[in-house]
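Trainee: Mind having a look at this structure? Questions to follow.
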Amino acid sequence: MAKISDVAQLAKVSSATVSRVFNHHPNVHLDVRKRVFDAARELDYRPRPSLKQKNVVVITPYAPVYPVQSCVDMILMALVQEMSRRGFRLEILPENNRDRLDGIQFCAAIAIGAEPSTFTDWSDRYSMPLVIMDRDGPANSPDVYYVQSDNAQGMRLAIEHLHARGCQKIGCIIHGDPGTGNADLRHDGIVKALSGCKLPVDESLIYFSGHGTDKYVELIGKLLKQEVDALFCPGGNAGVVSYYAFSLYNRQVPKDISLIASEQTLSSQYTVPPLTTITPDYSAMAIAAADVIEAQARGDDMPAKTVIPYLLISRESVRKKSEIST
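Per UniProt numbering, residue 1 is the first one in the sequence shown, and the count goes up by one each step.
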């Protein structure tokens, strides 16, 4: 079994330098870090992060991007509560300042609202674990982990709730564009859920909204022309926008159409009527992220991906089955 002295000899540096690299001490040149990491990989040497260093860096979007920012804020709030309970200190670092990681000491990093492609060089630069929240990506790095919501289950949860309430033709508007974020996962989950409930499955009933809210009114108008009796809008802040669109088209929720959207903590329960929503389990996500960091420090194996079920909050925007006309 390789020792730190073996890594030092192969990398042509001192054992103290290897220790500084593995503990992410600042002021170590990037080329020295690379030599040490290359030597460690060649010798199959895996350093164990020390929990004596309790600083965890949380990498966030460099500027608020609404409505995605709502999800970022909820994950961050859950992380603050869970990580502080376990004695960790959190340092917030905007994504466009990620190079500052080379000048600070930390035992792990957590990225929120970031694409996995941003971190393809992580294991070449750092020996610390990185937990990417609310995204899926390739499990090809020993230091990168994913904690994400189960999008297929979440889509099924909403569709089955509408179906159980007697809805027979469900239109869907997915926040985002194909190929970005979780949009494709949600699309696939919706198609499978509709098929599983033996409900109409047609691309004319499933739209992508793009990353703004401008298209919702037009898309809802198209769905209403197809006489949908329910609308499901995962992602974004589509609930409030949908209420506005229905008022323009002289439709009432839930009398004329049932509605489920994604939870917005500061608004969903205060709409009229209160909005039925699906939501990631932010507390469970924060616990999973903390578990990964502590497990790697102990040298315990953890799966590269942890998938957390969605929750459904049932309110008054979905009709009861007895209220559906036959």
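No residue lacks a Cβ here, since even glycine has one placed at the ideal position from N, Cα and C. Remember, it's a predicted structure, so these values are computed and weren't measured experimentally.
#1: Could you give the distance in angstroms between the alpha-carbon of Asp-229 and the alpha-carbon of Arg-89?
#2: Output the distance between the C-alpha atoms of Val-292 and Thr-60, rounded to the nearest integer angstrom.
#3: Are the beta-carbon atoms of Ile-313 and Ala-158 separated by less than 7 Å?
#4: Tell me whether residue 341 sits in a helix, a strand or coil according to DSSP, three-state version.
#5: Ala-193 and Tyr-216 - do their beta-carbons sit closer together than 7 Å?
#6: Buried or exposed: where does Asn-237 fall if 16 or more other Cβ atoms within 10 Å of its Cβ makes it buried?
#7: Under 6 Å Cβ to Cβ from Asn-182, same chain only, skipping five residues before and after it: list those, please.
#8: Rounded to the nearest angstrom, what separates Val-131 and Met-83 at their Cα positions?
#9: How big is the Cα-Cα spacing for Ala-39 and Ser-267?
#10: Pro-280: buried (16+ other C-beta within 10 angstroms of its C-beta) or exposed?
#11: Going along the chain, which unbroken runs of the beta strand (DSSP E) with 3 or more residues stay wholly within the region 273-312?
#12: May I have a chain-ordered list of the beta strand (DSSP E) segments no shorter than 3 residues that lie completely inside the region 184-234?
#13: So, for Ile-174: in the same chain, excluding its five sequence neighbours on each side, which residues have a beta-carbon less than 8 Å away from its beta-carbon?
#14: Residues in the same chain with beta-carbon distance under 6 Å from Cys-172, minus the five sequence neighbours each way, listed in chain order, please.
#15: What residues in its chain sit with their C-beta under 8 Å from that of Asp-301, if we drop five residues either side in the sequence?
#16: Around the Cβ of Ile-104, are there at least 16 other Cβ atoms within 10 angstroms (buried) or fewer (exposed)?
#17: By alpha-carbon positions, which one of Pro-200, Leu-248 and Ser-195 ends up nearest to Glu-218?
#18: Residues in the same chain with beta-carbon distance under 8 Å from Val-240, minus the five sequence neighbours each way, listed in chain order, please.
#19: Would you report the Cα separation of Val-28 and Leu-259, rounded to the nearest angstrom?
#20: If you draw a straight line from the C-alpha of Gly-212 to the C-alpha of Asp-177, how long is it?
#21: Checking the sheet assignment: what are the DSSP bridge partners for Asn-55?
#22: Among Glu-316, Glu-42, Met-77 and Thr-180, which has the Cα closest to the Cα of Asp-256?
#23: From the DSSP output, which residues share a beta bridge with Pro-142?
#24: Out of Met-133, Arg-125 and Gln-269, which one is the CA nearest neighbour of Ile-308?
#25: On the premise that Tyr-310 lies in contact with Gly-87, defined as a C-beta separation below 8 Å, what is that separation, rounded to the nearest angstrom?
#26: So who's on the other strand from Gly-176, going by DSSP bridges?
#27: Tell me the rounded alpha-carbon separation between Leu-79 and Ser-242.
#28: For my contact list, Ala-11 and Val-36 are in at a C-beta cut-off of 8 Å; report their separation, rounded to the angstrom.
#29: According to DSSP, is Thr-60 part of a helix, a strand, or is it coil?
Mentor: Result, derived from the coordinates:
#1: Asp-229 and Arg-89 have their C-alpha atoms roughly 49 Å apart.
#2: Computed Cα separation, rounded: 19 Å.
#3: At least 7 Å separates the beta-carbon of Ile-313 from that of Ala-158.
#4: A question about residue 341 goes unanswered here, because the residues of the chain that appear run from 1 up to 326.
#5: No, the Cβ-Cβ distance between Tyr-216 and Ala-193 is not below 7 Å.
#6: Per the 10 Å Cβ criterion, buried.
#7: Same-chain partners within the cutoff: Asn-151.
#8: In a straight line, the C-alpha of Val-131 is about 13 Å away from that of Met-83.
#9: Taking the straight line joining both Cα atoms gives about 53 Å.
#10: Its Cβ being crowded by 16 or more others within 10 Å, Pro-280 is buried.
#11: 276-279 and 305-308, all fully within the region 273-312.
#12: As far as the region 184-234 is concerned, its whole beta strand (DSSP E) runs of at least 3 residues are 206-208 and 230-233.
#13: The answer, listed in chain order, is Ala-183, Arg-186, His-187, Ile-190, Ile-206, Tyr-207, Phe-208, Ser-209, Cys-233, Pro-234 and Gly-235.
#14: Within the same chain, and ignoring the five residues on either side of Cys-172 in sequence, the residues whose Cβ sits closer than 6 Å to its Cβ are Ile-190, Ile-206 and Phe-232.
#15: Same-chain partners within the cutoff: Ala-295.
#16: Per the 10 Å Cβ criterion, exposed.
#17: Looking at the Cα atoms, Leu-248 is the closest of the given residues.
#18: Non-local C-beta neighbours of Val-240 in its own chain, meaning closer than 8 Å and more than five positions away in sequence, comprise Gln-264, Ser-267 and Thr-271, ordered along the chain.
#19: Approximately 55 Å between the Cα atoms of the pair.
#20: Straight-line measurement puts the Cα of Asp-177 at about 10 Å from the Cα of Gly-212.
#21: Paired residues: Arg-89.
#22: With distances taken between CA atoms, Asp-256 lies nearest to Glu-316 out of Glu-316, Glu-42, Met-77 and Thr-180.
#23: None, per the DSSP bridge assignment.
#24: Out of Met-133, Arg-125 and Gln-269, Met-133 has the C-alpha closest to the C-alpha of Ile-308.
#25: Between Gly-87 and Tyr-310 the beta-carbon gap is near 30 Å, outside 8 Å, which marks them as no contact.
#26: Bridge partners of Gly-176: Gly-210.
#27: A direct Cα-Cα distance of roughly 31 Å separates Leu-79 from Ser-242.
#28: Separation of the CB atoms of Ala-11 and Val-36 is rounded to 5 Å, and the pair is thereby assigned contact status at 8 Å.
#29: Look at Thr-60 here: in three-state DSSP terms it is strand.
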